[in-house]
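Asker:
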Amino acid sequence: MLESNYQWNWTDQCEEAFCKVKAMVVSDLVLTHYDPNLPLQLACDASPVGIGAVLSHVMTDGTERPIAFASRSLSKAERNYAQIDKEALATVWGVKKFHNCLFDAHSKWPEVEIMPSTTSTQTIDRLRTIFPRYGVPAQVVTDNGPQFTSAEFQLFLKTNGIKLITTAPFHPATNGQAKRFVQSFKHAMKCEKQSASQLKTNMAKFLLAYRNSPHSTGESPSVLFLGRPLWTRLDLVKPDLQRNSKVMNRQIDQAGRKGHSPTRQLSIGQTVMARNYSGKDKWLPGIVRAQTGPLSYEIKSDDTAEPHPELGETGQNIAPAEEIVAEPDIELATNPPVVQQEEAGRATTGSGQRYPTRSHQPPERLGLNCLIRKLFKKTT
1 MLESNYQWNW TDQCEEAFCK VKAMVVSDLV LTHYDPNLPL QLACDASPVG
51 IGAVLSHVMT DGTERPIAFA SRSLSKAERN YAQIDKEALA TVWGVKKFHN
101 CLFDAHSKWP EVEIMPSTTS TQTIDRLRTI FPRYGVPAQV VTDNGPQFTS
151 AEFQLFLKTN GIKLITTAPF HPATNGQAKR FVQSFKHAMK CEKQSASQLK
201 TNMAKFLLAY RNSPHSTGES PSVLFLGRPL WTRLDLVKPD LQRNSKVMNR
251 QIDQAGRKGH SPTRQLSIGQ TVMARNYSGK DKWLPGIVRA QTGPLSYEIK
301 SDDTAEPHPE LGETGQNIAP AEEIVAEPDI ELATNPPVVQ QEEAGRATTG
351 SGQRYPTRSH QPPERLGLNC LIRKLFKKTT
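Numbering (the UniProt record's numbering), first residue to last: 1 to 380.
#1: So for Ile84, helix, strand or coil by DSSP?
#2: Could you check how far apart the C-beta atoms of Leu38 and Val58 are, in whole angstroms? I think they sit under 8 Å.
#3: Is Pro307 buried or exposed, if buried means 16 or more other CB atoms sit within 10 Å of its CB?
#4: From Ser71 to Asp143, what distance separates their C-alpha atoms?
#5: Where do the ends of the alpha helix (DSSP H) carrying Pro48 lie?
#6: Nearest by alpha-carbon distance to Trp93: which of Asp61, Ala53 and Gly62 is it?
#7: Alpha carbon to alpha carbon, how far is Tyr34 from Cys14? Give it in angstroms, no decimals.
#8: Sort Val25, Arg211 and Val21 by Cα distance to Pro66 and report the nearest one.
#9: Using 10 angstroms around the beta-carbon of Phe131, count the other beta-carbons present and answer buried if the total reaches 16, otherwise exposed.
#10: Less than 8 Å between the C-beta atoms of Val141 and Thr121, yes or no?
#11: Taking its Cβ as the centre, do 16 or more other Cβ atoms sit within 10 Å of Val30, making it buried, or is it exposed?
#12: Using the C-alpha atoms, what's the distance from Lys158 back to Thr123?
#13: Can you check which of these residues, His99, Phe181, Met273 and Ala88, is closest to His215 by C-alpha distance?
#14: If we count the other Cβ atoms within 10 Å of its Cβ and call it buried at 16 or more, is Val49 buried or exposed?
#15: Tell me whether His33 sits in a helix, a strand or coil according to DSSP, three-state version.
#16: Hey, Ala90 and Cys44 are a contact pair by Cβ (cut 8 Å); roughly how many whole angstroms apart?
#17: Quick one: using the 10 Å Cβ neighbour count with 16 as the cut-off for buried, is Pro116 buried or exposed?
#18: Identify which residue in Lys97, Arg133 and Thr118 has its Cα closest to the Cα of residue 401.
#19: List the residues that DSSP assigns as beta-bridge partners of Gln13.
#20: So Met273 and Leu266 are supposed to be a Cβ contact under 8 Å. How far apart are they, rounded?
#21: Asn276 to Asn249, Cα distance in whole Å?
#22: Determine the direct distance from the alpha carbon of Ile287 to that of Lys300, and round the result to whole angstroms.
#23: Ends of the alpha helix (DSSP H) at Glu152?
#24: For Leu164, collect the residues of the same chain with a Cβ closer than 6 Å to its Cβ; drop the 5 residues on either side in sequence, then sort them by chain order.
#25: Looking at Ala68: is its Cβ nearer than 8 Å to the Cβ of Phe98?
#26: Suppose the cutoff is 7 Å on Cβ atoms and the five residues either side in sequence are ignored; what does the same chain contact list for Ser220 look like?
#27: Is Ile114 closer than 8 Å to Val136 when the C-beta atoms are compared?
#28: Between which two residues does the beta strand (DSSP E) carrying Phe69 extend?
#29: State buried or exposed for Ser197, treating a residue as buried only when at least 16 other CB atoms are found within 10 Å of its CB.
#30: Quick one: what does DSSP say Met273 is sitting in, helix, strand or coil?
#31: Which partner residues of Tyr6 appear in the DSSP bridge assignment?
#32: Using CA coordinates, which residue listed in Ser195, Ser222, Gly218 and Gln194 is at the minimum distance from Leu207?
#33: Using the Cβ count rule (16 or more neighbours within 10 Å means buried), how would you classify Phe153?
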């Protein structure tokens, strides 16, 4: 059928065999509906001229019931493959053919959008907000609704390189996973009177609980899809201190890799000078109360200092580490802040703060005369 130098001849025996195979394949005795609660099994095989795949359910009694069949002929180049390569080709092709049932049923991650209407335009707008979060999918499974079969929706999928798979008409079990979730969602949202804000709040609570709850796979959708559980209020009961320390260490390492200066470590209760962005004084004395992050601290203003609007009524301020300088007589006496000459006079007056200044002297040049003078001093 695929080569031009062969003449096709459909005989009565071919027609009879084809009708028998078709009736057997579509009969209830052979095919079974997809059940997300049953394990899946994919069998692939290859012959010298074609490859095939069978997606089956493993029933509770241990028997296998096929869900769908797929096959295709090998191209002229593929027929030259070694048999082991043909078997590998059949496996890869079978996984791609049925990956919607194999991988989507694996994660069970739901997305829900509130829509004023279900037109093709509205559906495309919602998909455009979902795709940037997780990427453009390879294929989309829908029912045969008019919004999915319209020319506008087909053009949208074709433009983005997405393959559309429609379920069998009047057989919702072919996409049973989505239908089961819709039933659970409707049951959770069922309420006599519910405002728009209440609906959004209840929907958010349901999605958080659903995505974080283990399913038939034994894991929650968040773990299977994102690789981690979602953070909830229950985690406050038993915080993961090891995880918090790992995050802080990674942030410090990232700051170091960007070529920043070594991070200054401050301790609770240490006296420091915090940068002030309003008022006359550029630096205000304070005490470190807490470390709010790897590079930021909460500073309590000194009781002797005047109240400052930026520090608030409680005298608290969160400042980054690079804008906090320890008092010279506490830790950083070897590395005091440097001020210009015109600021030195204002720093020593006004609020009573004192800043060290440097005396600038011309460099001593080691010329011949200087060397003779030094030698003369040593000898005398």
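For glycine and all other residues, C-beta sits at the position ideal for the given N, C-alpha and C.
Answerer: Considering the structure as presented:
#1: helix
#2: 7 Å
#3: With a pLDDT of only 39 at Pro307, under the threshold of 50, the placement of this residue in the model should not be trusted; the figure read from the coordinates follows. Counting Cβ neighbours within 10 Å, Pro307 comes out exposed, since fewer than 16 surround it.
#4: So the alpha carbons of these two residues sit roughly 24 Å apart.
#5: Pro48 -> no alpha helix (DSSP H), and no H or E assigned at all.
#6: Ala53
#7: 31 Å
#8: It is Val25 whose Cα lies nearest to the Cα of Pro66.
#9: exposed
#10: no
#11: exposed
#12: 15 Å
#13: Phe181
#14: exposed
#15: coil
#16: 4 Å
#17: exposed
#18: This structure leaves residue 401 out entirely; the chain is present only between 1 and 380.
#19: Gln13 pairs with nothing; no bridge assigned.
#20: With 8 Å as the limit, Met273 and Leu266 do not qualify as a contact, their Cβ atoms being about 12 Å apart.
#21: 28 Å
#22: 5 Å
#23: Ala151 to Thr159
#24: Once the five neighbours on either side are set aside, the close Cβ partners of Leu164 are Val140 and Leu157.
#25: Yes.
#26: Arg211, Asn212, Ser213, Pro214 and Pro229
#27: no
#28: Glu64 to Ser73
#29: The residue in question, Ser197, is exposed, as its Cβ has fewer than 16 Cβ neighbours within 10 Å.
#30: strand
#31: For Tyr6, which the question treats as bridged, DSSP gives no partner whatsoever.
#32: Ser222
#33: buried
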